[in-house]
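To keep things clear, I will list the structure first and then write my remarks on it.
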DNA sequence: GTTGAGCGTT
């Protein structure tokens with residue numbers, strides 16, 4: 001049964017009521033719609049006053065005793081920066097302010113631009129979100145050809161938030177906008193996406209699109225070539241993606257398994273030495289290592305595809321490489 | 001055969 005759950009970011013805040021799903025679980029996406037960047041919930045054990053963590057499985061938070069009740073739940077945020085061991089005891093009120101202070105605009109990377117898109121095109125498109133103070137298309141210095149990505153920066157943080165919260169149809173291709181090299185950024189991109197495992201080779205991108213469109217608007221399908229028995233499907237709405245995590249589906253007679261799309265580059269498990277925290281603040285989590293050895297030279301060859309589908313079939317070319 | 005692809009000459 002669906003119910004409303006009282007949630008606060010900080011124990012002293014006024015609660016916001018968040019709806020659970022019909023099965024009683026709370027989608028992390030529902031929670032993060034009200035509390036961006038939150039990664040979980042905790043509540044105080046009434047008997048001891050100690051915080052208890054809420055179980056999180058496949059994007060769903062599970063009620064502690066079968067029901068959420070009138071209990072107050074407190075958001076948990078990733079990575080308590082600034083906190084040395086032993087400091088845990090005091091929740092200083094500055095903590096919240098600190099997070100708010102981070103709400104500054106940063107450069108945003110625009111991934112997946114059509115080769116033909118120019119800075120003027122980008123400016124035209126993105127200015128609808130707010131005032132732009134940077135627009136760039138990255139090009140090969142020799143050929144002058146676009147590298148298929150660029151950067152924008154807004155002056156208004158609300159514009160930035162809006163912009164990174166959705167996919168963008170630019171000159172006929174779906175593009176992602178996110179914080180460069182940041183874990184937050186990649187998480188953002190992942191939560192609209194499902195990983196489809198156990199695919200058979202006869203399942204085409206077209207099959208996946210038409211099948212998953214039953215559940216919500218599909219904005220992208222990706223099948224690695226050569227065949228590797230998995231695929232990705234991106235929905236316009238993160239809630240659609242997250243509601244499917246953990247499910248099995250039959251497509252063309254094959255049982256495929258849907259789970260969350262993990263970032264390609266996972267953080268190294270061991271971080272040693274002082275984290276090189278730049279004093280500047282902002283979203284500078286510099287710990288994503290992006291595949292240094294990869295050349296990506298195919299991108300410059302040609303646009304012809306040995307993939308199954310033409311680039312214009314859906315107005316985008318996720319079916320080829322690129 | 002269950003985790004792609006793209007990250008900035010300033």
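Numbering (full-length UniProt numbering), first residue to last: 1 to 322. Ideal placement from N, C-alpha and C gives every residue a C-beta, glycine not left out.
Other residues of its chain near residue i: CB distance less than 7 Å, five sequence neighbours each side excluded
{"i": "residue 20", "result": "2, 3, 5, 26, 68"}
{"i": "residue 134", "result": "107, 151, 152, 153"}
{"i": "residue 123", "result": "132, 135"}
When the options are compared against residue i, the one with the closest alpha-carbon
{"i": "residue 121", "options": "144, 106, 150", "result": "150"}
{"i": "residue 128", "options": "139, 170, 243, 63", "result": "170"}
{"i": "residue 238", "options": "12, 16, 15, 29", "result": "29"}
{"i": "residue 65", "options": "175, 249, 54", "result": "54"}
{"i": "residue 251", "options": "228, 245, 202", "result": "202"}
{"i": "residue 219", "options": "255, 165, 175, 131", "result": "175"}
{"i": "residue 161", "options": "35, 16, 49", "result": "35"}
{"i": "residue 63", "options": "77, 49, 22, 37", "result": "22"}
{"i": "residue 253", "options": "112, 207, 231", "result": "207"}
{"i": "residue 375", "options": "183, 229, 103, 187", "result": "Given a span of 1 to 322 for the chain in the structure shown, any question on residue 375 remains unanswerable."}
{"i": "residue 184", "options": "18, 7, 38, 17", "result": "38"}
{"i": "residue 18", "options": "73, 137, 48", "result": "73"}
Span of the alpha helix (DSSP H) around residue i
{"i": "residue 19", "result": "Element bounds for residue 19: not the alpha helix (DSSP H) but the beta strand (DSSP E), 16-19."}
{"i": "residue 170", "result": "Careful: residue 170 lies outside any alpha helix (DSSP H), inside the beta strand (DSSP E) at 168-170."}
{"i": "residue 138", "result": "Here residue 138 belongs to no alpha helix (DSSP H); instead the beta strand (DSSP E) covers 132-139."}
{"i": "residue 203", "result": "Run containing residue 203: none; DSSP gives neither H nor E here."}
{"i": "residue 187", "result": "183-190"}
Residue i - partner residues in DSSP beta bridges
{"i": "residue 257", "result": "197, 248"}
{"i": "residue 219", "result": "Its beta-bridge partners do not exist; DSSP assigns none."}
{"i": "residue 153", "result": "134"}
{"i": "residue 177", "result": "110"}
{"i": "residue 146", "result": "139"}
8 Å CB neighbourhood of residue i in its chain, flanking five on each side removed
{"i": "residue 190", "result": "260, 261, 262, 263"}
{"i": "residue 235", "result": "192, 193, 194, 212, 215, 216, 217, 218, 219, 241"}
Endpoints, the beta strand (DSSP E) within which residue i is located
{"i": "residue 126", "result": "Looking at the DSSP string, residue 126 is not in any beta strand (DSSP E); the run it does join, the alpha helix (DSSP H), is 119-126."}
{"i": "residue 331", "result": "Lying before the first or after the last residue shown, residue 331 is absent from the chain, which here runs from 1 to 322."}
{"i": "residue 109", "result": "108-111"}
{"i": "residue 10", "result": "Unbroken run through residue 10: none, as it is neither H nor E."}
{"i": "residue 75", "result": "72-76"}
Same chain, Cβ closer than 6 Å to residue i, five either side skipped, listed in chain order
{"i": "residue 114", "result": "171, 173"}
{"i": "residue 58", "result": "245, 246"}
{"i": "residue 163", "result": "129, 177"}
{"i": "residue 148", "result": "113"}
Which parts of the stretch 16-69 are runs of the alpha helix (DSSP H), unbroken and 4 residues or longer, counting only runs that do not cross its ends?
28-34
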